[in-house]
């Protein structure tokens with residue numbers, strides 16, 4: 045059982061390294077410009093904050 049756990053931990057570490065590696069190359073080197081358009085359509089690329097309308101004006 046210990047050998048299986050060691051193999052599983054190694055696989056998880058390798059997967060995490062590949063995830064970081066691929067995210068770095070996709071975002072820094074702009075390998076897929078379509079991803080930027082998708083994030084702009086979804087509205088997650090901008091840090092635009094909207095004003096929150098307060099419905100209760102301090103009424104007690």
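Numbering (our numbering), first residue to last: 45 to 104. Built from N, CA and C at the ideal position, the CB exists for glycine as well.
Taking Cβ positions, are residue i and residue j nearer each other than 8 Å?
i, j, result
"residue 63", "residue 69", "no"
In whole angstroms, give me the CA-to-CA distance for residue i and residue j.
i, j, result
"residue 71", "residue 60", "17 Å"
"residue 78", "residue 57", "29 Å"
"residue 81", "residue 66", "19 Å"
"residue 46", "residue 54", "12 Å"
Tell me which residue opens and which closes the alpha helix (DSSP H) that residue i is part of.
i, result
"residue 75", "Premise fails: residue 75 is in no alpha helix (DSSP H) and is neither H nor E."
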